[in-house]
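Those protein sequence lines, which keep their order, are chains R and B.
Under our numbering, the residue at position 338 of the first sequence is numbered 381, and the numbers go up by one with no gaps.
Under our numbering, the residue at position 337 of the second sequence is numbered 380, and the numbers go up by one with no gaps.
For each residue, glycine too, the CB sits at the ideal point set by N, CA and C.
This structure is a prediction, so every number in the text was calculated from the model and none was measured.
There are 2 protein chains.
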Amino acid sequence: MRIRFYNARIITMADNDFVEGELWTEDDRIIYVGAGKPNDISWDRQIDCKRNVLMPGLKNAHTHSAMTFSRSLADEYSLNDWLFKAIFPREAKLTPEHVYWYSKLAYAEYLAGGITSCFDMYFHLNESARAAVETGFRLVFCDSANDFGGIDELEDNYNTFNSFDPLVSFRLGFHAEYTTSEKNMKYVSELAHKYEAPVFTHISETRDEVEGCRQRYGVTPAVLIDRLGIFDYGGGGFHCVWFTDEDRELFRSKGLWSVFNACSNLKLGSGITPVYKFMNSDMKVAIGTDGAGSNNSLSMLREMYLDTVLSNAETGDAASVDPLRILKAGTSGGALCMGLNDCDVLAAGKKADIVMIDMKKPSMQPENNIVRNIVYSADNSCVKMTMINGKILYENGEYTTVDIDEVIKNCNRMLSELV
Amino acid sequence: MRIRFYNARIITMADNDFVEGELWTEDDRIIYVGAGKPNDISWDRQIDCKRNVLMPGLKNAHTHSAMTFSRSLADEYSLNDWLFKAIFPREAKLTPEHVYWYSKLAYAEYLAGGITSCFDMYFHLNESARAAVETGFRLVFCDSANDFGGIDELEDNYNTFNSFDPLVSFRLGFHAEYTTSEKNMKYVSELAHKYEAPVFTHISETRDEVEGCRQRYGVTPAVLIDRLGIFDYGGGGFHCVWFTDEDRELFRSKGLWSVFNACSNLKLGSGITPVYKFMNSDMKVAIGTDGAGSNNSLSMLREMYLDTVLSNAETGDAASVDPLRILKAGTSGGALCMGLNDCDVLAAGKKADIVMIDMKKPSMQPENNIVRNIVYSADNSCVKMTMINGKILYENGEYTTVDIDEVIKNCNRMLSELV
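Below, the structure is given as structure tokens:
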């Protein structure tokens with residue numbers, strides 16, 4: 044199956060950032076990006092982009108997809124109460140069927156928001172993987188093992204979900220320092236060394252978490268986890284709100300990923316990440332939505348906007364953070380963070396994970412600067428098409444693989460089973 | 044023309060906040076809201092709402108509509124440089140034709156975002172009024188008179204635009220204390236007394252502005268303006284970021300409106316309004332987007348979300364601000380602030396300014412709490428229909444009165460005339 048996109052403006056995220064012209068896909072890959080047509084080949088479908096923008100799909104580099112069950116639930120709690128009073132009791136009741144449907148709802152939301160893959164931390168992995176493959180969604184698991192479960196299955200999961208389906212992969216991970224004993228963290232470190240694999244975890248999300256770690260170990264979570272050898276083959280942390288300068292230098296020097304979750308941190312009262320401090324160096328940054336319970340939307344566009352402007356309140360400087368750098372963090376940055384090295388840019392040979400931005404939306408006009416229009420002003424209404432692995436899964440508001448009525452019906456029916 | 048909406052869930056914003064059933068309009072008015080059908084009358088069109096939500100249109104209570112020309116322009120400047128280096132030189136070149144087209148672009152964006160009226164502060168009023176009437180958009184002017192212009196025309200404008208068209212009205216206003224001499228402010232006060240009319244102005248947007256006023260007059264802008272008698276017949280202020288407790292008590296006790304502009308303040312590095320301090324009392328609050336140059340989107344949904352969560356960073360409390368209170372501020376609050384006393388709630392006899400929220404969007408599901416879904420998670424993609432004065436102006440992504448291609452073409456063509 045060969046698809047020709049023509050009359051497009053293409054933000055490649057590669058070195059030649061902007062191309063006016065054509066993009067061709069064949070099966071799961073991009074085969075051509077350039078000003079004219081490739082020579083001597085034909086297409087099965089051609090799409091007139093009408094000067095709309097093509098760019099790499101957004102990568103949601105930290106989420107808990109199946110937590111859509113908890114959207115707008117117990118919004119009045121801060122992180123600790125929210126977890127222990129509202130979320131954990133319901134999660135104890137979650138069946139594989141629940142995870143299947145609530146994950147599908149999240150994937151539908153991702154597609155509507157131009158998100159082509161997510162770095163998903165949850166349980167009943169088999170069911171979210173099944174939902175992803177059915178949907179055609181590209182899913183990367185990050186394990187959430189901790190003292191309450193998952194440590195024993197971690198190695199099996201690593202092997203199972205790295206050979207489950209071409210759309211699914213798995214990275215080592217654990218929930219957080221504050222939920223995982225030193226013994227269990229040392230085991231994670233052993234696996235990291237055995238498989239020469241990166242490891243990801245929640246890190247410095249709240250001030251209390253950092254303070255608790257200091258009391259337990261005398262150092263910050265980032266320093267502790269590094270000392271345990273967990274980061275010896277790379278990896279990174281989610282949230283990073285309360286990083287010290289030393290933590291940032293550690294992450295920079297080891298090439299570890301800092302993944303921002305601005306909406307979740309704001310809502311739960313955890314704080315505002317000083318994104319600008321991560322931008323004035325060669326740090327690796329990516330962006331995620333966190334789960335729907337704490338965000339509550341799953342919009343990467345809203346995250347990118349906030350990562351660009353939130354620092355300004357502290358600095359008083361309207362240019363604290365470069366919007367193009369944030370768009371790269373939300374696309375190619377996320378891809379590399381998740382190990383999707385073929386999904387980072389639009390270029391021949393790369394996977395065809397592509398979003399079309401609708402430049403006919405008033406918020407995308409006039410065209411003083413298209414990248415800034417996207418980062419400062421786009422929302423899901425500006426997403427005209429989402430393609431993953433060469434398949435168009437969302438186009439003009441319609442899904443090609445998701446029966447959204449059935450998803451909504453099941454998700455509402457099951458709420459009563461979680462009380 | 045009688046329209047029957049049935050199978051709806053209706054957030055009326057009146058005392059009986061939620062109604063499941065029907066809403067009928069006749070010409071420009073709502074004639075019925077209730078569980079069943081009204082007796083013995085027929086309809087010209089009926090719309091199956093399919094359990095989607097109807098609510099009062101959003102009211103953008105502070106904006107500069109025609110500033111769409113400056114979207115994504117000079118995003119790197121803070122307020123002062125942005126005004127003096129980027130905006131004022133271009134505004135000096137703005138013709139009536141520019142204001143006409145750039146206002147139309149803003150109105151199109153409002154309609155796509157469920158906004159049914161705006162409180163607009165700009166110049167070449169005749170052209171923005173003409174664009175509004177052509178569009179069917181409900182426009183309320185707030186004058187921006189200051190030492191650089193507008194004082195001489197203020198009274199004329201008041202009389203002209205309060206009898207221009209049923210869709211257009213005008214409230215007294217001036218730009219700000221820091222751009223308006225005491226003499227000119229006293230003249231505004233005279234007009235307020237002559238017409239027994241409320242007055243609105245920018246107030247305490249930046250820390251520097253408050254400090255400058257203290258140096259010039261020894262008091263805050265709110266206290267000064269009140270002492271000049273300007274607020275004797277009501278009114279209020281835009282931004283209110285740096286209000287003191289005394290300012291808040293003044294506004295509360297006199298029933299003045301505080302209008303929040305979270306996105307603009309964040310972007311320009313002006314600060315974060317402690318919204319929660321305005322919520323724990325009987326203060327009158329409304330919400331606006333400010334202009335596209337400093338926001339950069341014109342989404343009231345994004346504003347409402349931020350007004351609900353931004354305070355949490357300071358308080359550490361996930362429940363700092365009640366989302367229902369914010370939804371009221373963004374709908375009925377704005378209406379009353381702007382003098383649109385017939386546009387505040389959905390009830391028989393009120394104007395038919397109505398929005399339909401698309402509950403089929405994944406971000407609106409599941410339905411743990413519909414109001415919270417809207418405030419925390421909705422974006423323009425969730426706006427299915429916008430009706431103003433009984434006319435459907437936007438439905439399923441299409442405009443009925445705006446030729447969006449022509450608007451976009453003209454807005455881009457004219458950019459080169461403003462360099």
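Distance between residue j and residue i (C-alpha atoms, nearest Å)
| i | j | result |
| --- | --- | --- |
| R/VAL62 | B/GLU248 | 41 Å |
| B/VAL426 | R/SER342 | 16 Å |
| B/ASP269 | B/ASP275 | 7 Å |
| B/ARG456 | R/VAL398 | 27 Å |
| B/ASN384 | B/LYS297 | 19 Å |
| R/TRP67 | R/ASP91 | 12 Å |
| R/ILE74 | R/GLY392 | 6 Å |
| R/VAL352 | B/ILE130 | 20 Å |
| R/GLU119 | B/PRO139 | 49 Å |
| R/ARG52 | R/ALA188 | 43 Å |
| B/MET322 | R/ASP396 | 45 Å |
| R/THR263 | R/TYR238 | 26 Å |
| B/ASN411 | B/ALA235 | 47 Å |
| B/SER246 | R/MET98 | It should be noted that the sequence gives Ile, not Ser, for residue 246 of chain B. When rounded, the distance between both Cα atoms is 41 Å. |
| B/SER337 | B/LEU126 | 10 Å |
| B/SER307 | R/ASP387 | 32 Å |
| B/LYS320 | B/PHE281 | 16 Å |
| B/TYR49 | B/LYS93 | 8 Å |
| B/ASP199 | B/ASP186 | 11 Å |
| R/LYS310 | R/LYS403 | 32 Å |
| B/TYR221 | B/GLY192 | 14 Å |
Residues sharing a beta bridge with residue i, DSSP
| i | result |
| --- | --- |
| B/LEU293 | Paired residue(s): none; B/LEU293 is not in a bridge. |
| R/HIS245 | R/ALA219, R/PHE281 |
| R/TRP300 | R/GLY279, R/LYS327 |
| R/CYS185 | R/ARG214 |
| R/ASN103 | R/CYS161 |
| R/GLY193 | R/ASN189 |
| B/ARG47 | B/TRP67, B/GLN89 |
| B/MET98 | B/VAL398 |
| B/GLU25 | Outside the displayed range of chain B (44 to 462) lies residue 25 of chain B, so it cannot be described from this structure. |
| B/GLY77 | B/GLU65 |
| B/MET430 | B/ILE397, B/ILE435 |
| R/ILE54 | R/PHE61 |
| R/ARG72 | R/GLU69, R/LYS394 |
Close-in-space but distant-in-sequence residues of the same chain around residue i (CB under 6 Å, 5 per side omitted)
| i | result |
| --- | --- |
| B/TRP300 | GLY279, LYS327, ALA329, CYS380 |
| B/THR111 | TYR145, LEU148, ALA149, ALA335 |
| R/ASN416 | MET407 |
| B/ASP87 | MET44, ARG45 |
| B/GLY179 | ILE431, LYS434, LEU436, THR444 |
| B/GLU31 | The first residue shown for chain B is 44 and the last is 462, placing residue 31 of chain B beyond what the model contains. |
| B/VAL176 | ASP208, LEU210 |
| B/ALA78 | GLY64 |
| B/TRP285 | SER247, ARG250, VAL253 |
| B/GLY377 | LYS102, ALA104, ALA329 |
| R/GLY373 | LEU101, ILE330, MET343, MET347 |
| R/GLU69 | ARG45 |
Minimum Cβ-Cβ distance from residue i to chain C less than 8 Å
| i | result |
| --- | --- |
| R/PHE112 | The chain labelled as chain C is not found among the protein chains of the depicted structure, namely R and B. |
Contacts around residue i, its chain only, beta-carbon distance under 8 Å, and the 5 residues preceding and following it disregarded
| i | result |
| --- | --- |
| R/PHE204 | LEU168, ALA172, PHE184, VAL211, SER212, PHE213 |
| R/ALA390 | THR55, ALA57, ILE73, VAL76 |
| R/VAL266 | GLU289, ASP290, LEU293 |
| R/GLY382 | VAL183, SER212, ARG214, PRO241 |
| B/LYS128 | ALA117, TYR120 |
| B/LYS371 | MET56 |
| B/THR257 | The sequence given here places Arg at residue 257 of chain B; Thr does not occur at that position. Excluding residues within five positions, the ones whose Cβ falls inside 8 Å are THR263. |
Neighbourhood of residue i by C-beta, 7 Å cutoff - its chain only, sequence neighbours within 5 removed
| i | result |
| --- | --- |
| R/TYR442 | ALA151, LEU154, LEU436 |
| R/GLY277 | PRO241, GLY298, LEU299 |
| R/LEU271 | MET228, LYS229, SER232 |
| R/PHE317 | It should be noted that the sequence gives Pro, not Phe, for residue 317 of chain R. These residues qualify, in order along the chain: SER354, GLU357. |
| R/SER375 | MET56, PRO99, ASP387, VAL388 |
| R/LYS394 | ASP71, ARG72, ASP385, CYS386, ASN432 |
* To do: Taking only runs that begin and end inside the segment 355-427 of chain B, name each unbroken beta strand (DSSP E) of 3 or more residues, in chain order.
  => For the segment 355-427 of chain B, whole beta strand (DSSP E) runs of length 3 or above, ordered along the chain, are 397-400.
* Asked: Fully enclosed by the segment 129-154 of chain B, which beta strand (DSSP E) runs are 3 residues long or longer?
  -> Listed in chain order, the beta strand (DSSP E) runs fully inside the segment 129-154 of chain B amount to none, counting runs of at least 3 residues.
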